[in-house]
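Residue numbers (the working numbering), protein chains in the order written: chain A, 62 to 538; chain B, 6 to 291.
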Amino acid sequence: MKVFRSVRFNIFLGALIAIAAALGTFLPQVPDAPEKVSAFQQAHAYLFPLYNCFGLFDLYHTWWFMALLGLMAFDVVACKLWNKPPDAGMVALPPELTDERELERRLARKEAALRLKPLRARFGVPGGAGAAAARLRAALSARGYHVQEELRSDSGAALVATRHRLQRWGSYVAHIALVVILAGALVKCLFGFVEMVPVLEGGSRAMQNKPWTVYVDKFTVKYYDGTFTPKTFSSVLRVQDADKVLGAKTIRVNDPLDIGGVRFYQASWGAGGMFRSVALRLGHALLRLPQRVPTRVPGTPFDVTADVMLPNFTISGGKADTASLELKNPAVRFTFAVGAHKTAPMWLLQNYPKLCLVEDPQGTLSPAPAPPFQLASIDPVLFSGIQVAYDPGYKIVVAGALLWLFGTVTLFYLHRRRLWILAEPGGDGTEVTIGGWSSRAGREFEPEFKALAESLRRELGGRAGVEFFQNPLVEVS
Amino acid sequence: MATHLQILLIRAALALYVASTACAFTYLFSKDEKWSRWMLWLMGAGLLLHLGSFGARIDAFWQIPENRYYMPINSFFGALSYLSLAVALVFFVVEREHRLGILGAFVLPWTVVGAGAAVLWADPKVEGLVPALQSYWMSVHPVVLMTAYAAFANAFGVGVALLIQEHQIKSRKPSELCYRLPSIEELDTLNYRIIVAAFPMLTVGIIMGGIWAYNAWGRFWGWDPKETWALITALIYAGYLHMRFLKGLRGRKAIYVSMVGFASVVFTFLGVNFLSQLHGYLSGGG
């Protein structure tokens, strides 16, 4: 058990998680780029099985990576909850109040403890120790300090004063926040789902994780002028359970439809190869062709058929292919026929009107002279990529995030000051010794501490001159 | 118009930054306080021009209706411009609090590198945001993160100063520099203070990205290289803080750990562009 709470072990664990996470960014990952994983497999026939048996191609979902994260969460709990409370703050504080009865001994111990504080001040004030302690208490309360009185009598008094006490909880809250965030992620893994539902415009598709059907009544995409950069894309979406409409909305990126926590995102779109019609330019005339319907070319015995559309035409292995589902370089395949006699299919490209490629029965392409007709336009049927995600852990994650925000801001931005004050008879009145510590590093607190001691002395009408002492913080190694 | 203005202004700002850095180096080896003052004045003037350039960029950016009213830091130019601006601003804050003009020589080069890279290599053109980036998070998530990066750059500069000072103190013949630089303790504290201020920004910025991703893509976390590297950076700095608090790590060794953290910051900002399709400046994505 002890090992899990050791700082060394946890720093090692953190480093291990960081190294593993980094490794996953350099190797292709199946969820992001399955094609790159296949390419890696072909390029590294021997390495691939070795890497694969450690799950390096889906690293973030392997049991061992999950186990590392789980162990981290466990350790955070172990360190923060099972370690000796209360949290001593950022530096070890010397022992404080003890149970010993004898005042003398207690004061002596306190004095020894005070000597260990990074900052110390001493000054003399008139009057008895008890009265001085009471006035110090009032003076510190007025300066925003929370003062606890530990001892008070005329033979000696001790106070502890703290400002921005909340800061000490920052570390706890931030660590608990991490566990809450990981718990939210776990809830998502256990009870959530993500599925991609591509729906053709005007069509519908059934979901896998719910007995629901997703309808896309209209899909719109707009580009910035003269580019392929989308300006906006949106779907008029309707989700039904049989005949019952569960929800309907025009969704766009950053603005999903939410049905009881199941959210429908506009993720992508594309052209799958279907079209309502294409237009063929013959001289000045335009001939509209529906998909796969032979149409007579006016004034000729020819029937022409447009059957296949590729949205981003490319040639791979000598054959027609598409580089993506975006309408970047659309091409359509046409076949001409006179009666039962058919010509070889030919590809026309919308963006390159002078190009014509003829396809042989094996599908191999070869260039042909520019024909007297061109592909003028395409009216494609687009599909809208709807990502459906259900994440019941999200609210837990957000709660964890807020806790983290509170915790880290409290821990790092609040400045907790702590003063230990001892008033003992001395000289012709009372000797006041103040030990100071602050959550800020180094000497940051020193000017404030000196000014505070000086102003306390003045307020209590003490003799001029405050003695200051300090302990070294950093030694040159 | 606005594009020309932004280029003109950032070039002028860069020239002033270079002059300011030159003053900072002169100050390092000369006892004359006037170099420190010159450094600050030139720096301040450069900063004003740089702010003007960024304002002109915002104006040009908002000419495109879809970009209103988001911050123009989606492209490499915008990001570098903002980053160098933030480094200079953080330096001013540190300088105001600690009056350590001597640190200019260690921090200002980062401003010159950032603004210089923007002027020399990045495309200043403004373009319409892709739909995923049309979100108010665009004005928050990257701004918070880049401000944290800028603070880490400052901490790195302080770290370099500490290493030089330590070398000086240990050497048999410490040079003039040894007396000019602040004490090791002071530099160590400052390095720590800057990291402590930036660490919540870094982590909260990452979480904001998660909330945005949930609203845009339906997932809080996706182990995208940019996300992963930001997490690694946070882990390294968390390691630094724990070693400091719990193991009392100080001085040179602490600086080494914080420098590894800064290397990770640089990789998160630059290197990941070659790994991530989704999150890179090169792909124009989120």
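Idealized CB from N, CA, C, for every residue including glycine.
Take the Cβ of residue i as the centre, count every other Cβ of all protein chains shown within 10 Å, and call the residue buried at 16 or more, exposed below.
i	result
residue 193 of chain A	buried
residue 465 of chain A	buried
residue 151 of chain B	buried
residue 288 of chain A	exposed
residue 488 of chain A	exposed
residue 482 of chain A	buried
residue 404 of chain A	exposed
residue 63 of chain A	exposed
residue 328 of chain A	buried
residue 209 of chain B	buried
residue 74 of chain B	exposed
residue 386 of chain A	buried
residue 38 of chain B	exposed
residue 457 of chain A	buried
residue 104 of chain B	exposed
residue 284 of chain B	buried
Would you mind stating whether residue i and residue j have Cβ atoms separated by less than 7 Å?
i	j	result
residue 290 of chain A	residue 283 of chain A	no
residue 120 of chain A	residue 85 of chain A	yes
residue 4 of chain B	residue 204 of chain B	The structure shown has nothing for residue 4 of chain B, since chain B only spans 6 to 291.
residue 231 of chain A	residue 461 of chain A	no
residue 176 of chain A	residue 528 of chain A	no
residue 326 of chain A	residue 223 of chain B	yes
residue 298 of chain A	residue 320 of chain A	no
residue 454 of chain A	residue 330 of chain A	no
residue 166 of chain B	residue 111 of chain B	yes
residue 338 of chain A	residue 355 of chain A	no
residue 492 of chain A	residue 188 of chain A	no
residue 539 of chain A	residue 237 of chain B	Nothing can be reported for residue 539 of chain A: it is not among the residues displayed for chain A, which extend from 62 to 538.
residue 164 of chain B	residue 264 of chain B	yes
residue 540 of chain A	residue 424 of chain A	Outside the shown range of chain A (62 to 538) lies residue 540 of chain A, about which nothing can therefore be said.
Have a look at residue i and residue j and give me their C-alpha separation to the nearest angstrom.
i	j	result
residue 439 of chain A	residue 417 of chain A	17 Å
residue 388 of chain A	residue 410 of chain A	12 Å
residue 381 of chain A	residue 78 of chain A	45 Å
residue 157 of chain A	residue 239 of chain A	Any reading at residue 157 of chain A must be qualified, since the residue scores a pLDDT of 39, below 50, and its modelled position is unreliable; no value is offered.
residue 514 of chain A	residue 136 of chain A	42 Å
residue 99 of chain A	residue 116 of chain A	14 Å
residue 159 of chain A	residue 191 of chain A	Only weak support is given to the placement of residue 159 of chain A: the predicted model assigns it a pLDDT of 39, under 50, and the question is left unresolved by the model.
residue 261 of chain A	residue 443 of chain A	6 Å
residue 105 of chain A	residue 235 of chain A	44 Å
residue 349 of chain A	residue 419 of chain A	21 Å
residue 212 of chain A	residue 102 of chain B	39 Å
residue 140 of chain B	residue 233 of chain B	22 Å
residue 178 of chain A	residue 30 of chain B	39 Å
residue 27 of chain B	residue 34 of chain B	11 Å
residue 220 of chain A	residue 149 of chain B	42 Å
residue 95 of chain A	residue 109 of chain B	48 Å
residue 400 of chain A	residue 357 of chain A	11 Å
Is any non-hydrogen atom of the ligand SAH found closer than 6 Å to the C-beta of residue i, if you look at the structure I gave you?
i	result
residue 91 of chain B	Within the structure as shown, the ligand SAH is missing, as the structure has no ligands at all.
| field | Cβ-based contacts, 7 Å cut-off: residues of the region 290-316 of chain A near chain B | value | 290, 291, 292, 293, 294, 313, 314 and 315
| query | So does the region 358-370 of chain A actually touch the region 390-397 of chain A, counting three or more Cβ pairs closer than 8 Å? | reply | The region 358-370 of chain A, when compared against the region 390-397 of chain A, does touch it at the 8 Å Cβ threshold.
| query | If contact means a Cβ-Cβ distance below 7 Å, which residues of the region 107-131 of chain A contact chain B? | reply | 121
| message | For the structure I just gave you, are there three or more beta carbon pairs, one from the region 119-127 of chain B and one from the region 82-92 of chain B, closer than 8 Å? | response | yes
| query | Taking any Cβ of chain A, which residues in the region 116-132 of chain B have a Cβ under 9 Å from it, in chain order? | reply | 132
| task | Indicate whether the contact test is met: 3 or more Cβ pairs, each with one atom in the region 211-218 of chain B and one in the region 241-249 of chain B, closer than 8 Å. | result | Because the criterion of three Cβ pairs below 8 Å is not met, the region 211-218 of chain B and the region 241-249 of chain B do not touch.
| said: If the cut-off is 9 Å on Cβ atoms, which residues from the region 472-490 of chain A count as contacting chain B, listed in chain order? | reply: From the region 472-490 of chain A, only 472, 473 and 474 have a Cβ closer than 9 Å to chain B.
| request: Would you list, in chain order, the members of the region 67-95 of chain B that have their beta-carbon closer than 7 Å to a beta-carbon of chain A? | output: 71
| Using a Cβ cut-off of 8 Å, which residues of the region 370-397 of chain A contact any Cβ in chain B, in chain order? | none
| request: Could you run through the region 182-212 of chain B and flag, in chain order, every residue whose CB is less than 8 Å away from some CB of chain A? | output: 189, 190, 191, 193, 194, 197, 198, 201, 202, 204, 205, 208, 209 and 212
| field | chain B contacts from the region 238-252 of chain A (Cβ-Cβ distance under 9 Å) | value | 242, 245, 246 and 249
| task | Check each residue of the region 63-90 of chain A: if its Cβ is closer than 9 Å to any Cβ of chain B, include it; give the result in chain order. | result | 68, 69, 71, 72, 75, 76, 78, 79, 80, 82, 83, 85, 86, 87 and 90
| query | Are three or more beta carbon pairs between the region 261-274 of chain B and the region 176-185 of chain B nearer than 8 Å? | reply | no
| said: Residues of the region 254-268 of chain A in Cβ contact with chain B at a cutoff of 7 Å, in chain order, please. | reply: 255
| message | Taking contact to mean 3 or more Cβ pairs, one atom from each stretch, closer than 8 Å, check whether the region 471-486 of chain A and the region 245-261 of chain A are in contact. | response | Put simply, the region 471-486 of chain A does not touch the region 245-261 of chain A. Fewer than three CB pairs are less than 8 Å apart.
| request: Name, going along the chain, the residues of the region 132-154 of chain B whose beta-carbon falls closer than 8 Å to a beta-carbon of chain A. | output: Cβ contacts with chain A come from 132, 133, 135, 136, 137, 139 and 140.
| Three or more C-beta pairs closer than 8 Å, one from the region 180-196 of chain B and one from the region 253-271 of chain B: is that the case here? | yes
| Quick one: any contact between the region 54-70 of chain B and the region 6-23 of chain B, if contact means 3 or more CB pairs under 8 Å? | yes
| said: Within 8 Å, do at least three Cβ pairs link the region 34-52 of chain B to the region 154-173 of chain B? | reply: no
| Residues, ordered as in the chain, of the region 322-336 of chain A that lie near chain B by beta-carbon distance below 9 Å | 324, 325, 326, 327 and 328
| field | Short-range partners of chain B found in the region 224-237 of chain A, where Cβ spacing is below 7 Å | value | none
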